Amino acid sequence: MERLISATTAAGGLGTPGARWAFVFGWSCGVLQGAVDGSLSRAPLLWAVALAAGLIGVLALTTPGDRDLSAPVAGATVGIAGLVAVTALVTAGAVGDVWGLDLAAYLATFLIVRGNLVAGLVGGLLVPGVAAVWAVPQEPSLEQWALLLGIPVGCLVAASAWRLVLRWMVGQERRHRSAAARAAERAEADAAALAATRDELASIGVDVTPLLERLCAGEPVDAGLRAELAFVEADVRDRIRAPHLRHPVLVSAVASLRQQGVEVVLLGEASGAGSGVSDGLAMALATAVAQVREGRVTIRALPQGRPAAASVVTSDAGGSSHREFSAAGALLDAADALLVGN
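This note's numbering puts the first residue of the sequence shown at 756, with every later residue one more than the last.
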């Protein structure tokens, strides 16, 4: 089942050496049966032509390949099946088991299996139809009808069922492979995310470990150490809260603000995660906060779909300002507000 794909089942398995030898063997058995029951002796020349054509039909039906037959080849095969059927009927001694009709039925109906649905249905109905028209004037019994039409009708049913089952099997396999592919993609994404998380933790560890070692060593927690701890804690928080804002230019600008005592908050919408800011936007954001010396700065990555990609809000003792920038870093909106004393 794991090896079953559409490319190797489009011909229904008939484009294989095994199928060709099986059909040639069936043709040979038919020739032997005709020789034994004397059918061939009734019209040797006609049968020679019909059997030669039948062998050509067998070879055409089992043409190597994974695709259905071309329309001309399929049409010719139906014509050969009709020739063999007519030859078998006109040389038959009585209504009953006409062996040549079986060969014609195989040639016609197995076109359905090969993938030539229309040609197979036409041929599959033509063979028993011709036989029925030939037999009606002779008023055959039910047993004779069964002997005459049993195999042609059975071949039509079997070939149709074969094709339907094969189509179902391929559909099942495609769904199985699709599910397996999706599972592989998820596993690959999980592995990539795990690797990225490990790298991020290792990077965080480079900054955090020295401070923790100093604390474990008993260093007094004075104002300087508290400032270092606050700085590192804020940086770790930025990594978690807004990883897509970790542009080197912006990281440097934020670090400079915090070292001066400015409170900086980075916010990022979940829809923007993974799509980092452009160089132009990072430079515009860094420039917008470069002159801040006190107070609070909030840099926010806005949800996708908006004209603005990011905003900067600054506030200090003198008032507040709001700036919005496009994804390329262009200033889209600016507003300032002054604080009025009582």
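Note that beta-carbon positions come from the ideal geometry of N, C-alpha and C, so glycine has one too.
Values in this document were obtained by computation on a predicted structure and should not be read as measured data.
Boundaries of the beta strand (DSSP E) in which residue i is found, first to last residue
i: THR1053; result: 1051-1056
i: ALA1065; result: 1065-1071
i: GLY768; result: It is not in any beta strand (DSSP E) - GLY768 carries neither H nor E in the DSSP assignment.
i: GLY1074; result: 1074-1080
Best match in the options for proximity to residue i [C-alpha to C-alpha]
i: ASP990; options: GLY834, GLU1018, GLU974 and GLU968; result: GLU1018
i: PRO1003; options: VAL1067, LEU1040 and LEU902; result: LEU1040
i: LEU1005; options: ARG1061, THR1042, ALA1064 and LEU902; result: THR1042
i: VAL1032; options: PRO1058, ALA936 and LEU876; result: PRO1058
i: GLY870; options: ALA843, VAL841 and ASP821; result: ASP821
i: GLY1037; options: GLU1049, LEU1022, GLN1046 and GLY1084; result: As written in the sequence, residue 1037 is Ala, which differs from the Gly given in the question. Closest by alpha carbon: GLY1084.
i: LEU880; options: VAL912, VAL791 and TRP900; result: VAL912
i: LEU970; options: GLY789, VAL845, GLY767 and LEU984; result: LEU984
i: ALA1072; options: VAL1052, ASP977, ALA942 and ILE959; result: VAL1052
i: ALA914; options: SER1075, ALA939, VAL873 and ALA890; result: VAL873
i: GLY1023; options: GLN1015, VAL1009, GLY1016 and LEU1000; result: LEU1000
i: VAL1047; options: LEU816, TRP854, SER1076 and ALA1065; result: SER1076
i: ALA863; options: LEU844, THR846 and PRO883; result: PRO883
i: THR817; options: VAL853, GLN899, VAL987 and VAL868; result: VAL868
i: LEU1086; options: ALA1063, SER1070 and ALA982; result: ALA1063
i: ARG1061; options: GLU894, TRP923, GLY1074 and SER1081; result: SER1081
i: THR846; options: ILE811, ALA808, ARG797 and VAL885; result: ARG797
i: ALA766; options: LEU866, VAL1044, ALA808 and PHE778; result: LEU866
i: ILE906; options: PRO799, ARG941, ASP857 and SER783; result: ASP857
i: THR964; options: LEU949, GLY812 and GLU988; result: GLU988
i: ASP993; options: PRO799, ASP945, VAL1009 and ALA978; result: VAL1009
i: ALA843; options: ASP792, LEU980 and GLY830; result: ASP792
i: GLY1016; options: ALA849, ARG981 and ALA936; result: ARG981
i: ALA890; options: LEU956, MET924, GLY926 and VAL853; result: VAL853
i: LEU921; options: GLU974, ASP1088, LEU769 and ALA1089; result: LEU769
i: PRO819; options: SER825, THR771 and GLY960; result: THR771
i: VAL908; options: ARG937, HIS931, GLY875 and LEU919; result: GLY875
i: GLU898; options: ALA938, ILE835, ALA849 and VAL1044; result: ALA849
Integer-rounded CB distance, given that residue j should sit under 8 Å from residue i
i: LEU904; j: ALA887; result: 7 Å
i: LEU1012; j: ALA997; result: With a Cβ gap of about 15 Å, LEU1012 and ALA997 do not count as contacting.
i: VAL839; j: GLY855; result: 6 Å
i: LEU902; j: GLY851; result: 5 Å
i: TRP802; j: GLY789; result: 7 Å
i: ALA808; j: VAL828; result: At roughly 14 Å, the Cβ-Cβ gap does not stay under 8 Å, so ALA808 and VAL828 are not in contact.
i: ARG1078; j: SER1070; result: So it is not a contact: roughly 13 Å between Cβ atoms.
i: LEU824; j: TRP782; result: Actually they are not in contact, since the Cβ atoms of LEU824 and TRP782 sit about 18 Å apart, beyond 8 Å.
i: VAL813; j: PHE778; result: 5 Å
i: ALA860; j: CYS910; result: 4 Å
First and last residue of the uninterrupted alpha helix (DSSP H) at residue i
i: ARG797; result: 794-797
i: GLY855; result: 854-869
i: LEU838; result: 826-845
Assigned secondary structure, residue i (DSSP; H/G/I helix, E/B strand, else coil)
i: VAL891; result: helix
i: ASP954; result: helix
i: ALA1090; result: strand
i: ALA818; result: This sequence places Thr at residue 818; Ala is not what is there. In the structure shown, THR818 sits in coil (DSSP, three-state: anything other than H, G, I, E or B).
i: PRO883; result: helix
i: SER896; result: coil
i: VAL1047; result: coil
i: VAL912; result: helix
i: ALA1085; result: coil
i: ASP823; result: coil
i: PRO1062; result: coil
i: GLY973; result: coil
i: VAL1095; result: Any reading at VAL1095 needs caution, since the residue's pLDDT is 44, under 50, leaving its predicted position unreliable; the model's value is listed next. If DSSP states are grouped into helix, strand and coil, VAL1095 belongs with coil.
i: VAL850; result: coil
i: ARG930; result: helix
Proximity test, residue i beta-carbon vs the ligand COA heavy atom, cut-off 7 Å
i: LEU970; result: Although the ligand COA was asked about, the structure shown includes no ligands whatsoever.
- Message: Runs of 4 residues minimum, wholly inside the region 975-1044: which ones carry the alpha helix (DSSP H) assignment?
- Response: 978-996, 1003-1014 and 1034-1043
- Item | Sequence ranges, alpha helix (DSSP H) only - wholly within the region 775-816, length at least 4 | 794-797 and 799-816
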